[in-house]
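Trainee:
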Amino acid sequence: MNYVMHLVVMINIYIVLTTSSNLLVGMTNLLSLGQAAFYGLGAYFVVLGLVVLHLPFLPTLLLAMLLNAGFGLLLALPSIRLKGDYFVFATLGFQLITYTILYNWVSLTRGPYGVPGIPAPKLLGVLEISGLVQYCILSLVLAFLVILVFNRLIKSPFGRVLKGIREDELSVLSLGRNVTMYKIEVFVITCAFITISGFLYATYVTYIDPTSFTLDESIFILSALLIGGTGNLKGPIVGAVFVVLLPEVIRFLGLPEGIAANLRQIIYGFFLLVLMYFRPQGIAGNYQVK
Amino acid sequence: MLQQLLVNGFILGSVYSMMALGFALIYNTTHIFHIAYAGVYIVSPYLFMACVAMVGLNPVLSFVIALLLSVIVSLSIERIAYYPLEKRRSPSTVIMISSLACMTIIINVIAMIFGNETKIINSSISGSLVINDLIITRPQYIQLSVSLFIIAGIIALINRTGIGIATRALSNNKLLCQVMGLKVYRFRLLLFALSGFIAAVGGLLIAYDVGIDPYVGMSMLLVSIVAVIIGGVGNFYGPILGGFILGILQALTIGFFSSRWQNVVTFALLIIFLLLRPQGLLGEKQRMA
Chain A
2 MNYVMHLVVM INIYIVLTTS SNLLVGMTNL LSLGQAAFYG LGAYFVVLGL
52 VVLHLPFLPT LLLAMLLNAG FGLLLALPSI RLKGDYFVFA TLGFQLITYT
102 ILYNWVSLTR GPYGVPGIPA PKLLGVLEIS GLVQYCILSL VLAFLVILVF
152 NRLIKSPFGR VLKGIREDEL SVLSLGRNVT MYKIEVFVIT CAFITISGFL
202 YATYVTYIDP TSFTLDESIF ILSALLIGGT GNLKGPIVGA VFVVLLPEVI
252 RFLGLPEGIA ANLRQIIYGF FLLVLMYFRP QGIAGNYQVK
Chain B
2 MLQQLLVNGF ILGSVYSMMA LGFALIYNTT HIFHIAYAGV YIVSPYLFMA
52 CVAMVGLNPV LSFVIALLLS VIVSLSIERI AYYPLEKRRS PSTVIMISSL
102 ACMTIIINVI AMIFGNETKI INSSISGSLV INDLIITRPQ YIQLSVSLFI
152 IAGIIALINR TGIGIATRAL SNNKLLCQVM GLKVYRFRLL LFALSGFIAA
202 VGGLLIAYDV GIDPYVGMSM LLVSIVAVII GGVGNFYGPI LGGFILGILQ
252 ALTIGFFSSR WQNVVTFALL IIFLLLRPQG LLGEKQRMA
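First to last, the protein sequences are chains A and B. Going by the numbering used here, the first sequence opens with residue 2, and the numbers climb by one from there. Going by the numbering used here, the second sequence opens with residue 2, and the numbers climb by one from there.
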C-alpha cells in the first residue's frame, strides 16, 4: 500500500510538470528544453522559504511561484521572439547554465552536497503534513487544482487565443492580438505552475540536489508530455502515468538496477520514435507539434 | 601561461570545428536538427575499444571497422528515423524529437553493453613536443593534425568538386535542386555518411586523449550546435570559426576560472549571440523572429 501511495505521489508530481508544460508546448507550440531548470529552481525557492525564512506552507508556495515566474520572465523577455529551433536553443542554454550554477555555486546552494532535512509543510500553521497518506492527499489535491486551473485556462478566451497562435501566428497577429505578450504570459504561467511540482518533490523527498534537475530530466519531461499527447488535458496525464509506471513494470522483470535504468531509457526512446511516426500527437493528444 | 592556454584552446578548437562542420553539413542542407549526432559520436570509440581489447584485432583494422560502422549507424538513423518522416512531410520538430529518441536509444544501448563508467583507451603517458615553453602532448598533436586535415578536406570538397557544388545548392534551395534533376536523396545519404565519418573521427580523437563514457556525446553535440550558431547557419566557414572561438574561450575559462564554468561561458555566449546577432558571425541576415 505504501508502495502504491509512493507511486501516486510521483505520478502527481509528473502530472503537474507535464500539464504545465502542455500549456507551453501543446497550446502555444513553444518547445522548451528548460523545464527541469524551472522545476529545480522551484524546489530551491521552496527550500529558501521553508528552511531559510521559516515560512509556513502557503506563503512559501506563493513566494516560490512568484520568484520562479520572475525567472521565467527573465528568460522569456529576450528569447520569446526567437522562432522554432532558436527558441529551443535559448531554453537549452538556460537549462545548462542553471544546472551549472546550482551545482557549482556551493556557498549559495550547497552544490553537489544538496540540501537535506527539508521540513514537512504545515497547513494553516497547525496540520503538519508528514505521513505518506497525508502526502498522497496533498499531492492529489494540488495536481487536481492544477488540472482545474488549466482546464479553465484552455477553455477561456485566453486559451482560444493561444490555440490561434499555435495554428497560425500570423493571422492572430493580423487580428490585432499582441502575440509576443501572450507568449510571455504563457511562459511565465508555466514557470509558476511548475514550481508546484518542485514544491511537492522537495518536501516529499526532503532532500534535493542539482543532479535531479539536469538536461536529461528536461528531455524526460518533454518525452513524457509527447508520449502522452499534447493539446488537451488527457494527454499530459496519460504521459505522466506512463513514464512513472513503466519503470515499475520493468522492475518486476528482475533485471539488475544498472541495466534496468538503461532499458527504461531505451523503451522511452523507442516509444517516442514509433509515436513520432504513427501518432505524432501522442497517445491521447489531439494536437501535433509543429 | 597565456600562450599555453591559447595553444590548448586552438587544438581543442580544431576538434570542435571539425565536429561543428559535420553538424553543419546536415543542418545547412537538410534542416534536420541532428541530435543523434551525439550518439554517432560515441559509437566509434566504443567499437574501437571492443575490437582492440575484447576481440584482439590490431589497431589499424579496428580503426577502420569503427569508422565504417559509425558511418553505417549514421546512415541507418537517416533511413529509419528521418527519411520516413520527411516523406510524410512531418514538421521539423517531430523529426527533431525522433532524432532525440535515436540518441537516447544509442546512448543507452552502449551504456547497457559497456557500462556507465568512464573507459580509458590510451593509458600510456607518451612523449610530448616541447617548443620553447609550450608543451603539446602526443594526443594533442594528433588531434590537431587530423582535424585540420579533415577540415581542409571537407572545405576542398565543398569548394572544388561537383559534390560540393551540389551540397551548396542543396543548402540554398532544395526544391530547385530537384527540379534541376539532382538526385537529392543520394546526396543526402552521402552527407549523412560524411557527417557520420566526422563524428566517428572526432569521437576517437577525444577518447584517445581523455577516455570515454556514454554521456560525453551530449556535451560535444551542444558545443557543435553553439559553434554552428555563433559562426552562422547556412555557411560552411562559420562553424569552423565558431569552433575555434569556443575552443579558445573554453581553454581560457579553464585557465582563469575553473573547468566547472565551461558550460556557463559557452551558453552565455550562445544567448548573447541569439539576442544580438542571431544570424551568427558569417551568416546572412534573415528574419529570426
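A virtual CB, placed ideally from N, CA and C, is assigned to each residue, including glycine.
Taking the beta carbon of B/Arg80 as the centre, do at least 16 other beta carbons fall within 10 Å, making it buried, or is it exposed?
Mentor: The sequence position of residue 80 of chain B within the second sequence is 79, counting from 1. Of the residues assessed, B/Arg80 falls on the exposed side of the cut-off, its CB having fewer than 16 other CB atoms within 10 angstroms.
Trainee: Would you decide whether B/Ser99 is buried or exposed? Buried here means 16 or more other CB atoms lie within 10 Å of its CB.
Mentor: Position 98 of the second sequence holds residue 99 of chain B. Buried, because 16 or more other Cβ atoms sit within 10 Å of the Cβ of B/Ser99.
Trainee: Considering only residues of the segment 145 to 221 of chain A, which uninterrupted beta strand (DSSP E) runs meet the minimum length of 3 residues and lie entirely inside it, listed in chain order?
Mentor: Listed in chain order, the beta strand (DSSP E) runs fully inside the segment 145 to 221 of chain A amount to none, counting runs of at least 3 residues.
Trainee: Using a beta-carbon distance below 7 Å, is A/Gln266 in contact with chain B?
Mentor: Mapped onto the first sequence, residue 266 of chain A falls at position 265. Yes, A/Gln266 counts as interfacial toward chain B.
Trainee: I'd like to know whether the C-beta of B/Ala39 is nearer than 7 Å to at least one C-beta of chain A.
Mentor: Translated into the one-based positions of the second sequence, residue 39 of chain B becomes position 38. Not closer than 7 Å to any Cβ of chain A, the Cβ of B/Ala39 fails to qualify, so no.
Trainee: Name the one or two DSSP bridge partners that B/Lys120 has.
Mentor: Residue 120 of chain B sits at position 119 when you count from the first residue of the second sequence. Note: B/Lys120 sits in a beta bridge opposite B/Ile213.
Trainee: Find the nearest neighbour of A/Pro211 within the set A/Tyr278, A/Phe95, A/Gly112, judged by alpha-carbon distance.
Mentor: Here residue 211 of chain A is taken as the residue at index 210 of the first sequence, counted from 1. Minimum Cα distance to A/Pro211 is reached at A/Gly112.
Trainee: What I want to know is whether the C-beta of A/Gly286 ends up closer than 6 Å to one or more non-hydrogen atoms of the ligand HEM.
Mentor: Absence of the ligand HEM from the depicted structure is noted, as is the absence of any ligand whatsoever, leaving it without description.
Trainee: Between which two residues does the alpha helix (DSSP H) carrying B/Val41 extend?
Mentor: The residue you call residue 41 of chain B lines up with position 40 of the second sequence. B/Val41 -> alpha helix (DSSP H) spans 38 to 50.
Trainee: To the nearest angstrom, report how far apart B/Phe188 and A/Val26 are at their CA atoms.
Mentor: Start at 1 with the first residue of the second sequence, and residue 188 of chain B comes out as number 187. Start at 1 with the first residue of the first sequence, and residue 26 of chain A comes out as number 25. Cα to Cα, B/Phe188 sits roughly 34 Å from A/Val26.
Trainee: Check B/Tyr238 in the structure and name its three-state DSSP category.
Mentor: Within the second sequence, numbered from 1, the residue matching residue 238 of chain B stands at position 237. The answer is coil: DSSP assigns B/Tyr238 none of H, G, I, E or B.
Trainee: Tell me, please, whether the CB atom of B/Ala112 is closer than 7 Å to any CB atom in chain A?
Mentor: Position 111 of the second sequence holds residue 112 of chain B. At least one C-beta of chain A is nearer than 7 Å to the C-beta of B/Ala112.
Trainee: Taking the continuous alpha helix (DSSP H) assigned at B/Thr138, which residues delimit it?
Mentor: Translated into the one-based positions of the second sequence, residue 138 of chain B becomes position 137. Counting along the chain, B/Thr138 sits inside no alpha helix (DSSP H); it lies in the beta strand (DSSP E) bounded by residues 135 to 138.
Trainee: Taking buried to mean at least 16 other C-beta atoms within 10 Å of its own C-beta, is A/Asn169 buried or exposed?
Mentor: Residue numbering aside, residue 169 of chain A sits at position 168 when the first sequence is read from its first letter. The sequence shown places Asp at residue 169 of chain A, not Asn. So A/Asp169 counts as exposed.
Trainee: So if I threshold CB-CB distances at 8 Å, which residues from the segment 193 to 219 of chain B count as touching chain A?
Mentor: Met219
Trainee: Give the range of the alpha helix (DSSP H) segment to which B/Ile132 is assigned.
Mentor: Here the question's residue 132 of chain B lines up with position 131 in the second sequence. Here B/Ile132 belongs to no alpha helix (DSSP H); instead the beta strand (DSSP E) covers 129 to 132.
Trainee: Using beta carbons (cut-off 7 Å, strictly below), is A/Gln282 in contact with chain B?
Mentor: Position 281 of the first sequence, counted from the first residue, corresponds to residue 282 of chain A. With 7 Å as the cut-off, A/Gln282 does not count as an interface residue toward chain B.
Trainee: With a threshold of 7 Å between beta-carbons, can B/Phe34 be considered close to chain A, or not?
Mentor: Here the question's residue 34 of chain B lines up with position 33 in the second sequence. Interface residue (Cβ-Cβ distance to chain A less than 7 Å): B/Phe34 is classified as such.
Trainee: Report yes if the C-beta distance between A/Ala232 and A/Gly286 is below 7 Å; otherwise report no.
Mentor: Counting from 1 along the first sequence, the entry for residue 232 of chain A is found at position 231. Counting from 1 along the first sequence, the entry for residue 286 of chain A is found at position 285. Checking the sequence shown, residue 232 of chain A turns out to be Gly, not Ala. In contact: A/Gly232 and A/Gly286 (Cβ atoms closer than 7 Å).
Trainee: Looking only at C-alpha atoms, which of A/Leu146, A/Ile148, A/Val147, A/Ala121 sits nearest to A/Gln135?
Mentor: For the purposes of this step, residue 135 of chain A is taken as residue 134 along the first sequence, with counting starting at 1. A/Gln135 has its Cα closest to that of A/Ala121, out of A/Leu146, A/Ile148, A/Val147, A/Ala121.
Trainee: Compare the C-alpha of B/Gly232 against each of B/Ile43, B/Tyr84, B/Asn29 and name the closest.
Mentor: One-based indexing of the second sequence puts residue 232 of chain B at position 231. Out of B/Ile43, B/Tyr84, B/Asn29, B/Asn29 has the C-alpha closest to the C-alpha of B/Gly232.
Trainee: Beta-carbon within less than 8 Å of A/Lys184's beta-carbon, same chain only, minus the 5 sequence neighbours each way: which residues are those?
Mentor: Against the first sequence, residue 184 of chain A aligns to sequence position 183. So the list reads Thr29, Leu31, Ala77, Ile81, Ile166, once near-sequence residues are dropped.
Trainee: Using 10 angstroms around the beta-carbon of A/Leu276, count the other beta-carbons present and answer buried if the total reaches 16, otherwise exposed.
Mentor: The residue given as residue 276 of chain A occupies position 275 in the first sequence. It counts as buried.
Trainee: Specify the secondary structure class of A/Thr29 as computed by DSSP and reduced to three states.
Mentor: Counting from one through the first sequence, the residue named residue 29 of chain A turns up at place 28. A/Thr29 falls in the coil class under three-state DSSP.
Trainee: At the level of alpha carbons, what is the spacing between A/Gly50 and A/Gly73?
Mentor: Reading the first sequence from its first residue, position 49 is the one you call residue 50 of chain A. Reading the first sequence from its first residue, position 72 is the one you call residue 73 of chain A. Looking at the two C-alpha atoms, the distance is approximately 19 Å.
Trainee: Output, in chain order, the set of chain A residues within a Cβ distance shorter than 8 Å of B/Cys103.
Mentor: Within the second sequence, numbered from 1, the residue matching residue 103 of chain B stands at position 102. The answer, in chain order, is Gly270, Leu274.
Trainee: Please decide whether A/Met277 counts as near chain B, where near means a Cβ-Cβ distance under 7 Å.
Mentor: Position 276 of the first sequence, counting from 1, holds the residue named residue 277 of chain A. Among the CB atoms of chain B, one or more fall inside 7 Å of the CB of A/Met277.
Trainee: Taking C-beta to C-beta, are B/Ile66 and B/Cys52 nearer than 7 Å?
Mentor: The residue labelled residue 66 of chain B in the question sits at position 65 within the second sequence. The residue labelled residue 52 of chain B in the question sits at position 51 within the second sequence. Yes. Within cutoff.
Trainee: Leaving out five residues before and five after B/Met289 in sequence, what residues of the same chain have Cβ atoms less than 6 Å from its Cβ?
Mentor: In the second sequence, residue 289 of chain B corresponds to position 288, counting from 1. In this prediction, B/Met289 scores a pLDDT of 49, lower than 50, which makes its location untrustworthy; no coordinate-derived value is stated.
Trainee: With distances taken Cα to Cα, identify the nearest neighbour of B/Thr31 among B/Val224, B/Gly212, B/Ile106, B/Leu192.
Mentor: Counted from its first residue, the second sequence places residue 31 of chain B at position 30. Of the residues B/Val224, B/Gly212, B/Ile106, B/Leu192, the one whose Cα lies closest to the Cα of B/Thr31 is B/Leu192.
Trainee: If distances are taken between C-alpha atoms only, which option among B/Leu250, B/Ile78, B/Phe115 comes closest to B/Leu197?
Mentor: If you number the second sequence from 1, residue 197 of chain B lands on position 196. Sequence check: residue 197 of chain B is Gly here, not Leu. Residue B/Ile78 holds the alpha-carbon nearest to the alpha-carbon of B/Gly197 among B/Leu250, B/Ile78, B/Phe115.
Trainee: Quick one: using the 10 Å Cβ neighbour count with 16 as the cut-off for buried, is A/His55 buried or exposed?
Mentor: By one-based count along the first sequence, residue 55 of chain A stands at place 54. The residue is exposed, with fewer than 16 neighbouring Cβ atoms inside 10 Å.
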